[in-house]
Amino acid sequence: MEKFHIAIDGPAGSGKTTVSKRLAELLGFDYLDTGAMYRAIALFLHEKGISENDDAEIDKALSNVKMEFKDGKLFLNGKEVGPEIRTAEAGILASKYAKIPIVRKHLTRLQREIADSRRIVVEGRDIGTVVLPDAELKIFLTASVEERARRRWKELKEKGESIPYDEILKQLKDRDERDSKREVAPLKPAEDAVVIDTTNMSIDEVVKNIAKLAKEKQKWK
Ligand code: DC
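Under my numbering, the first residue of the sequence shown carries the number 43, and numbering increases by one thereafter.
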């Protein structure tokens, strides 16, 4: 089958992960969560005590680290990446290390290799702009920052992490600022992306909309 790349970008809490997973399931596509890659690498570097400012050490560590994508799962040095990457702290670390060009270079190359000839939904911040500029379909999801904070708060609470709403709102604003103002691959919609504001939409509606767009594009291939 011919390759078909669907890029789903957007800020934290825009519904990217849930939407991307369901979309991939509905279309029978693979699914790659690039945020999980940044989170796993950030935790790895942090645990090794390598600072965000130490380019040489980061480069060395990344040249030796093995990240693989098998059966839809991510492995770091042979070990499956698990729920440890889903904490608020891991998100903050990911956003910090994601600013470093050498980290992005390494992960971008890996993401392209994974997507290569697949039919795949790839979720992230810079997929439509940098990683897969020739993606057949590019979607940029947004939602108001208050709604995104509410979603994140609920998600963390369900996982037993009870963090005050105001703190999450502040963390999200800081993270948006870091992700969109960084020099390399900042968070922004690709020129040819379809922007969907999910503030008042259900997950189902969003997924159906994107699936429809994907089917239309497939017809022309
Ligand atoms: O989507 P997420 O919250 O799991 O992403 C965690 C962090 O990783 C996010 O703050 C920014 C970074 N990231 C990135 O810079 N580029 C990507 N393609 C995906 C994530």
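Cβ atoms here follow ideal geometry from the backbone N, Cα and C, with glycine treated the same way. As the structure is a prediction and not an experimental result, all values here were calculated from the model.
Near the ligand DC: residue i beta-carbon under 8 Å from a heavy atom
i: Ser62; result: no
i: Glu94; result: no
i: Ala157; result: no
i: Glu188; result: no
i: Thr241; result: no
i: Gly133; result: yes
i: Tyr80; result: yes
i: Val173; result: yes
Per-residue DSSP class, three states only, for residue i
i: Lys230; result: coil
i: Phe71; result: coil
i: Glu122; result: strand
i: Met79; result: helix
i: Gly166; result: strand
i: Ala177; result: coil
i: Asp97; result: helix
i: Gly90; result: According to the sequence provided, residue 90 is Lys. The question's Gly does not apply to it. Correct three-state label for Lys90: coil.
i: Arg192; result: helix
i: Ala235; result: coil
i: Ile205; result: coil
CB contact flag (residue i, residue j, <9 Å)
i: Val163; j: Phe71; result: yes
i: Lys180; j: Asp239; result: no
i: Gly10; j: Lys108; result: Lying before the first or after the last residue shown, residue 10 is absent from the chain, which here runs from 43 to 263.
i: Asp75; j: Leu116; result: yes
i: Ala84; j: Ala54; result: no
i: Ile245; j: Ile48; result: no
Residue environment, residue i, which counts as buried when at least 16 other CB atoms sit within 10 Å
i: Glu165; result: buried
i: Asp97; result: exposed
i: Arg154; result: exposed
i: Ile156; result: buried
i: Asp216; result: exposed
i: Ile205; result: exposed
i: Ser56; result: buried
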